[in-house]
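Take a look at the structure below.
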Amino acid sequence: MAAQVETFTFQAETKHLLDLMIHSLYTTKDIFLRELISNASDALDSLRFEALTRVELLDNDEKLEIRLETDRPARTLTIHDNGIGMSREEVITNIGTIAKSGTRELREKLRQGVSGEQVAELIGQFGVGFYSAFMVAERVTLVTRRAGEAAATRWESTGDGQYTLSDATRANHGTSITLQLKTPDPENGVEDYTDKWILSRIVKRYSDFVSYPIIFQEVREEEAIDEAGNPQVDEPKTNVVEDKVLNSMKPIWMRPAADVPESDFNEFYRHITHDQHEPLKRITLRAEGTLEYQALLFIPSHASYDFYYHTAEWGLRLYAKGVLIMEQCAELLPRYLRFIRGLVDSADLPLNISRQMLQQDRQVGVIRKWLTKKSLDSLQTMAEEEPDKFRIFWEQFGRALKEGVSSDYDNKDRLISLLRFQSSHDAENLITLKDYVRRMKEDQQEIFYLTGESRRVVENSPHLEAFKAKGYEVLYLVDSVDELVVQYLTEFEGKKLKSVVKGTVKVGSEEESAQVEKELKQKTEEASELLRHIQEHLDQYVKEVRLTNRLTTSPVCLVGAEMDYSPQMERLLQMGQGGRPKQRRIMELNPQHEIFNRIRERFQHHRDDAGIGKYAELLLGYALLAEGSELPDPVHFNQLVAELMLQTLSHTPAAE
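Sequential numbering of the sequence shown, starting at 7, is according to our numbering.
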């Protein structure tokens, strides 16, 4: 009885990706084999890993391998593996749709329009290397059986938007992918992928380091020979099947780094990360002594699409004596170094170590400390000797590195030396704290900074006016993580970090500051009743109204006490803890500004004037908008603005 065949339609993103692959101008079509071999290798790793806790999945004498089988007359290439395999549900999830974690991002990429040259990048970013088979195949058939299950599943598609599923039979666990190959077209990058030498060349180039044998099953004819070894021309020739291993299988990290071409390291990086970009830096480490381990680490040149997602998985591959025992071991590096990819191989760890044991293992703690130090040292070397590369790194991963300041006290000084900031001094280049201190004025005792959501917002803040007027440099902290950084980075080389939106400021020499304070105190006494009146009217929003030397051109700004949150931090807390009460801040008025002088004159003549309260509310709205904060009552503010406009227009000559 024929197996029932069900037809399914591809998810829209998958169909679009297939169209791109089939019709793209991307010429390096050989990578399809790299991707399918990489998937097979992952399946073998998964089986071996799962068998650590379910020993029945793997026979002791079973050899894990990848096989390439061709049929030249039929023009097919089959990639076999005896790995973990897939259940019917897993086939639908893994082959019929893009991985759920990447669906939204891939949809956005496809909506923006993707050129043929960008297809390879999508393959790597979203883990969809399987679909690269359609670049060289007219039809793809997959037969798979999951380890521990008896049922097998057949999946088949021509890449036309649909695929079929049916029951199948398979003698053992694993997956076989058969490609009905297109006609060779070397001019457009389609080789004859039934040719042993072409397959051998591709494997050698892209997959030589795969730790499982990649076997080509070669069938050749041999003439019959007699007992003396002479050919028997009249006898029919016999077919001889011979297995040839195409890859060296020697783990790349166990070979002397000087003997490995950089291109091989780059291909290994692509193999373990599916990232089509070359890594920014490679770190090869070896420790010998009472505890032996080695590491091959890479710093990527691009952050993955989900890198800054809180739920994104991360971690290094962990091997014991060359055997993979954990795919993603987060215990080997602190979270702020989660951008580092690669592996660690230790001769002293048991093959069946659990994640709970890893967290408590003293050896893992030693390895973590060593890897962290070496990684930061490598970044410091890059910063000093390859500043252009470090700039690329910082643009992609700087926010992650900043997280370490609040959590890694052992390496805090190393981390601080790597930090880069935007500054009022330089619109193009990022600076270090050491750069800032070197440029400080002689009378300057503090490192000034301002946090905000972007450079554009920050550099137009009224809080900077006095600093700009006196030529003081201010750091622009525009990453959300900067609010956390300044909680733990309170001073550098004896200079305290000072927010320009908190407390009072002293700009200039001691003599200048003393004179300004004296004048400010006198003006405050003269305007004390007005300040008290404004405070009473705005009491639910501000806890104090005072005069300031912080402003030169703006009429008003809002500041906090030294222990208050900055406006940026308050906005972040509002998002994270919806409904959190807003803090009352301090309103500072510019005693030199014409608006303040006009309000003071009006108050002196009409102390009960209701208009004073309205002007106070307008000033509050002005201050909030100037710093990028939300208005407490936008409708009421708009009404006040409209009322003020009508009032002003009614006194113009045209109106008269």
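Using N, Cα and C, we set each Cβ at its ideal position, and we do this for glycine too. Given the structure is predicted, the values throughout are model-derived calculations rather than measurements.
Going straight from the alpha carbon of residue i to that of residue j, what length do you get?
i: E497; j: S93; result: 57 angstroms
i: P340; j: R445; result: 34 angstroms
i: I98; j: R288; result: 37 angstroms
i: L407; j: R420; result: 11 angstroms
i: L286; j: E390; result: 15 angstroms
i: E75; j: A158; result: 20 angstroms
i: I305; j: G500; result: 33 angstroms
i: C335; j: R591; result: 46 angstroms
i: N194; j: I37; result: 14 angstroms
i: L322; j: T175; result: 37 angstroms
i: D449; j: T510; result: 17 angstroms
i: F132; j: D48; result: Since pLDDT at F132 reaches only 41, below the 50 mark, its modelled position is unreliable, and no value is offered.
i: G130; j: A629; result: Caution applies to G130, whose pLDDT of 48 falls short of 50 and renders its modelled position unreliable; the model cannot decide the point.
i: D614; j: G404; result: 55 angstroms
i: A533; j: D441; result: 42 angstroms
i: R426; j: P573; result: 22 angstroms
i: L185; j: M260; result: 34 angstroms
i: L625; j: G371; result: 56 angstroms
i: T200; j: G410; result: 52 angstroms
i: G135; j: E273; result: 15 angstroms
i: F271; j: K395; result: 18 angstroms
i: E662; j: L650; result: Confidence at E662 is low in this model, with a pLDDT of 47, below 50, so the placement of that residue should be treated as unreliable; the coordinate-derived value is given next. For E662 and L650, the distance between alpha carbons rounds to 17 angstroms.
i: G619; j: L537; result: 11 angstroms
i: L495; j: L424; result: 13 angstroms
i: A648; j: S656; result: 12 angstroms
i: T558; j: I437; result: 27 angstroms
Could you spell out where the beta strand (DSSP E) holding residue i opens and where it closes?
i: L595; result: 591 to 595
i: K287; result: 287 to 293
i: M332; result: 329 to 335
i: L185; result: 180 to 187
i: K502; result: 501 to 505
i: G348; result: 347 to 352
i: D249; result: 244 to 251
So, for residue i: in the same chain, excluding its five sequence neighbours on each side, which residues have a beta-carbon less than 6 angstroms away from its beta-carbon?
i: E392; result: none
i: E12; result: L171
i: I605; result: Y621
i: H86; result: R73, S182
i: L64; result: A57
i: L291; result: A301, K380
i: I208; result: D36, L39
Using CA coordinates, which residue listed in the options is at the minimum distance from residue i?
i: P468; options: R590, Y342, E535, H599; result: H599
i: S307; options: Q402, I373, D249, E489; result: Q402
i: V507; options: T150, V61, I85, V480; result: V480
i: K327; options: A301, S310, R347, V562; result: A301
i: S456; options: T150, Y137, Q428; result: What sits at residue 456 in the sequence shown is Leu, not Ser. Nearest of T150, Y137, Q428 to L456, Cα basis: Q428.
i: K375; options: L355, L338, K395; result: L338
i: I43; options: V61, R60, L83; result: L83
i: R40; options: A472, V548, N253, K69; result: N253
i: I278; options: L349, T34, D265, K380; result: L349
i: A569; options: E517, Q493, L553; result: In the sequence as displayed, the identity of residue 569 is Met instead of Ala. The candidate whose alpha carbon is nearest that of M569 is Q493.
i: T244; options: A230, G235, N466, S52; result: A230
i: K3; options: K210, P242, A433; result: Because the chain in this structure spans residues 7 to 662, residue 3 falls outside the shown range and cannot be described.
i: S413; options: L490, S384, K474; result: L490
Where do the N-terminal and C-terminal ends of the alpha helix (DSSP H) with residue i fall, by residue?
i: D494; result: Strictly speaking, residue 494 in this sequence is Tyr, with Asp absent from that position. Where Y494 is concerned, the enclosing alpha helix (DSSP H) stretches over 488 to 494.
i: T530; result: 516 to 532
i: K210; result: 202 to 212
i: R226; result: Run containing R226: none in the alpha helix (DSSP H); it sits in the beta strand (DSSP E), 220 to 228.
i: L42; result: 37 to 56
i: Y455; result: Careful: Y455 lies outside any alpha helix (DSSP H), inside the beta strand (DSSP E) at 452 to 457.
i: T170; result: It is not in any alpha helix (DSSP H) - T170 instead sits in the beta strand (DSSP E) that spans 168 to 174.
i: Y628; result: 617 to 632
i: V484; result: It is not in any alpha helix (DSSP H) - V484 carries neither H nor E in the DSSP assignment.
i: L439; result: 439 to 445
i: T654; result: 640 to 655
Can you name, in chain order, every residue of its own chain whose Cβ lies under 7 angstroms from the Cβ of residue i, other than the five neighbours on each side?
i: K476; result: V513, G514
i: A263; result: T290
i: D232; result: Q238
Under the assumption that residue i contacts residue j (Cβ atoms under 8 angstroms), give the Cβ distance between them as a whole number of angstroms.
i: S486; j: L343; result: S486 to L343, Cβ: 19 angstroms. No contact.
i: G91; j: R54; result: The pair is not a contact, with the Cβ atoms about 13 angstroms apart (cut-off 8 angstroms).
i: K188; j: V142; result: 6 angstroms
What residues in its chain sit with their C-beta under 8 angstroms from that of residue i, if we drop five residues either side in the sequence?
i: E452; result: K501, K502, L503, K504
i: Q168; result: T13, F14, T15, F16
i: K642; result: A small correction: the amino acid at residue 642 is His; Lys does not occupy that position in the sequence shown. The answer, listed in chain order, is E623.
i: L652; result: none
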